[in-house]
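The next block holds one structure in the form of structure tokens; read it before the comments.
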Amino acid sequence: MSSSSAAQIDSDVSQLRKRQAEFTEELHGKDMAQHTGMFALMSKDKGKGKEAISKYLKHWDGKVDKEAEQKRLEDYNESTHSYYNVVTDFYEYGWGSSFHFCRFYKGEPFKAAMARHEHYLAYKAGIQEDDLVLDVGCGVGGPAREISTFTGCNIIGLNNNDYQIEKAKWYAKKSNLHNKLDFVKGDFMNMDFKPNTFDKVYAIEATCHAPDLQQVYSEIYKVLKPGGTFAVYEWVMTENYDETNPQHRQIAYEIEVGDGIPKMFDIKTATKALENAGFTIEIADDLTDNHDEIPWYYPLTGEWKYVQTLADLATFFRTSYLGRKITTAMVGCMERLGIAPEGSTKVTGALEEAAVGLVAGGKARLFSPMMLFVAKKPK
Ligand SMILES: C[S@@+](CC[C@H](N)C(=O)[O-])C[C@H]1O[C@@H](n2cnc3c(N)ncnc32)[C@H](O)[C@@H]1O
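Below you can see the structure in the form of structure tokens.
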């Protein structure tokens, strides 16, 4: 690449970042980090909220043809940025500050199961106290706070959503972990870190937003020190998935639209992408293959029999079928009263589609949100 075209790309990237940062402040307000859930939804600038929602939904019009797919892949950065601008409040309200699924054991409270899932990844990655670790697609920093507390390591969280970065910094300070954690803006498809910087890298249910898995894994490979480990919970379609089967494709589409994912890839594609990036795969283990008595998707099902503790009833109710319907009705009222941005019910509708697709994909074993890969960068 010539130096003038490289300079042009740098300037395009910094303009995009500036625009996204300004938009975020206009949308969420200056003290954006401190509001969560429904209060946060009410404190938005309504005009900007409407704009964010239409930016996110513009590529998801029910079409699954190659042309529509290509548009989603090309616009991954803006559309994911917009997606998290509009869903972060709903995620925090319904799920907490770690935005991922997990396995459940009998008698185990929801929060403990979530934390254990994070500890397991840290353990498999071999994270040590003096490691510098990168969290790729860090959300609002729930996993980084837990993994740093668990191991004592220092973590830098990378995220392309400004709103989430502000929240992650705010939570870190509140938990007195701001000396161990930092959160920075960036695109995982094109990282700014110097090569060979991190001892370990992990990603939890984030790299599924990449339009090209090999590209994101190559970036991770670049910033990892030789001999370093990358551990990921990847979202994949399983070997049972048949892209030419319209019912299967519909399930994958529901997951894509409701989760802001340009394209769901399968296990084979993810495995090849890691190998092509240069990694040596040490573990490839789909954790949904354990046939757990309590399935990973239980909080989305509305099946009360799975709820383990009284304290989990509130979380379960909010994420269950009935709870989601009530949330949609409540958001509909707020939208009509002008206290939530226009289009907010379209967002809850898309989240509803995602929940239906995730449960259907999980039950039919077409989809896994916890394909664990542990891979090494050779010395
Ligand atoms: C489902 S959330 C998971 C967040 C976090 N890992 C957790 O488990 O709580 C996916 C995350 O990936 C981030 N993300 C998506 N596309 C990205 C990109 N191109 N570069 C950096 N981060 C990205 C999103 O902003 C979001 O924080």
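Position in the sequence shown (first residue = 1) + 93 = the numbering used here. Backbone N, C-alpha and C define an ideal beta-carbon position, used for all residues, glycine too.
At a cut-off of 7 Å, is residue i close to ligand 1 when judged by its beta-carbon and the heavy atoms of the ligand?
{"i": "residue 280", "result": "yes"}
{"i": "residue 121", "result": "no"}
{"i": "residue 272", "result": "no"}
{"i": "residue 246", "result": "no"}
{"i": "residue 193", "result": "yes"}
{"i": "residue 215", "result": "no"}
{"i": "residue 173", "result": "yes"}
{"i": "residue 308", "result": "no"}
{"i": "residue 133", "result": "no"}
{"i": "residue 334", "result": "no"}
{"i": "residue 254", "result": "yes"}
{"i": "residue 391", "result": "no"}
{"i": "residue 230", "result": "yes"}
{"i": "residue 152", "result": "no"}
{"i": "residue 314", "result": "no"}
{"i": "residue 177", "result": "yes"}
{"i": "residue 257", "result": "yes"}
{"i": "residue 235", "result": "yes"}
{"i": "residue 348", "result": "no"}
{"i": "residue 297", "result": "yes"}
{"i": "residue 210", "result": "no"}
{"i": "residue 109", "result": "no"}
{"i": "residue 251", "result": "yes"}
{"i": "residue 170", "result": "yes"}
{"i": "residue 302", "result": "yes"}
Excluding five sequence neighbours on each side, which residues of the same chain lie with their C-beta closer than 6 Å to the C-beta of residue i?
{"i": "residue 411", "result": "187"}
{"i": "residue 169", "result": "304, 355"}
{"i": "residue 208", "result": "239"}
{"i": "residue 288", "result": "315"}
{"i": "residue 192", "result": "184, 232"}
{"i": "residue 133", "result": "182"}
{"i": "residue 148", "result": "175"}
{"i": "residue 206", "result": "195, 197"}
Could you tell me how far apart the beta carbons of residue i and residue j are, in whole angstroms, since I believe they sit closer than 8 Å?
{"i": "residue 424", "j": "residue 437", "result": "5 Å"}
{"i": "residue 463", "j": "residue 403", "result": "Contact doesn't hold; Cβ gap of about 27 Å is too wide."}
{"i": "residue 172", "j": "residue 233", "result": "Not a contact, Cβ separation roughly 19 Å."}
{"i": "residue 251", "j": "residue 270", "result": "With 8 Å as the limit, residue 251 and residue 270 do not qualify as a contact, their Cβ atoms being about 17 Å apart."}
{"i": "residue 145", "j": "residue 178", "result": "4 Å"}
{"i": "residue 448", "j": "residue 350", "result": "The pair is not a contact, with the Cβ atoms about 12 Å apart (cut-off 8 Å)."}
{"i": "residue 278", "j": "residue 110", "result": "6 Å"}
{"i": "residue 367", "j": "residue 243", "result": "Not confirmed; about 25 Å, so no contact."}
{"i": "residue 333", "j": "residue 196", "result": "Incorrect: roughly 20 Å between the Cβ atoms, too far for contact."}
{"i": "residue 248", "j": "residue 273", "result": "7 Å"}
{"i": "residue 329", "j": "residue 296", "result": "Their Cβ separation, rounded to whole angstroms, is 13 Å, which puts residue 329 and residue 296 out of contact at 8 Å."}
{"i": "residue 431", "j": "residue 413", "result": "Rounded, the Cβ-Cβ distance is 29 Å, inconsistent with contact."}
{"i": "residue 422", "j": "residue 135", "result": "The Cβ separation is near 16 Å, so there is no contact."}
{"i": "residue 468", "j": "residue 360", "result": "Their Cβ separation, rounded to whole angstroms, is 14 Å, which puts residue 468 and residue 360 out of contact at 8 Å."}
By Cβ distance below 8 Å, which residues in the same chain neighbour residue i in space, the five residues on each side in sequence not counted?
{"i": "residue 344", "result": "450, 453, 454, 457, 459, 460"}
{"i": "residue 314", "result": "323, 370, 371, 372, 470"}
{"i": "residue 435", "result": "139, 142, 143, 146, 428"}
{"i": "residue 472", "result": "319, 320"}
{"i": "residue 390", "result": "194, 451, 452, 455, 456"}
Sorted by chain position, which residues of the same chain lie with C-beta nearer than 7 Å to residue i's C-beta, five sequence neighbours on each side aside?
{"i": "residue 45", "result": "Any question about residue 45 goes unanswered here, given that the chain covers just 94 to 472."}
{"i": "residue 259", "result": "125, 126"}
{"i": "residue 309", "result": "281, 282, 300, 303"}
{"i": "residue 386", "result": "199"}
{"i": "residue 418", "result": "none"}
{"i": "residue 113", "result": "174, 255"}
{"i": "residue 347", "result": "446, 447, 449, 450"}
{"i": "residue 285", "result": "279"}
{"i": "residue 400", "result": "406, 409"}
{"i": "residue 130", "result": "182, 185, 186"}
{"i": "residue 292", "result": "224, 225, 226, 318, 321"}
{"i": "residue 201", "result": "401"}
{"i": "residue 157", "result": "342, 346"}
In the DSSP output, what is residue i paired with across the bridge?
{"i": "residue 250", "result": "228, 276"}
{"i": "residue 439", "result": "The partner list for residue 439 (beta bridge, DSSP) is empty, contrary to what the question assumes."}
{"i": "residue 326", "result": "297, 465"}
{"i": "residue 373", "result": "469"}
{"i": "residue 291", "result": "317"}
{"i": "residue 42", "result": "The question about residue 42 has no answer here: the residues shown for the chain are numbered 94 through 472."}
{"i": "residue 359", "result": "330"}
{"i": "residue 197", "result": "387"}
{"i": "residue 474", "result": "Given a span of 94 to 472 for the chain in the structure shown, any question on residue 474 remains unanswerable."}
In the segment 107-188, which residue ranges form an unbroken alpha helix (DSSP H) of at least 4 residues, counting only runs that do not cross its ends?
130-135, 139-150, 159-167, 169-187
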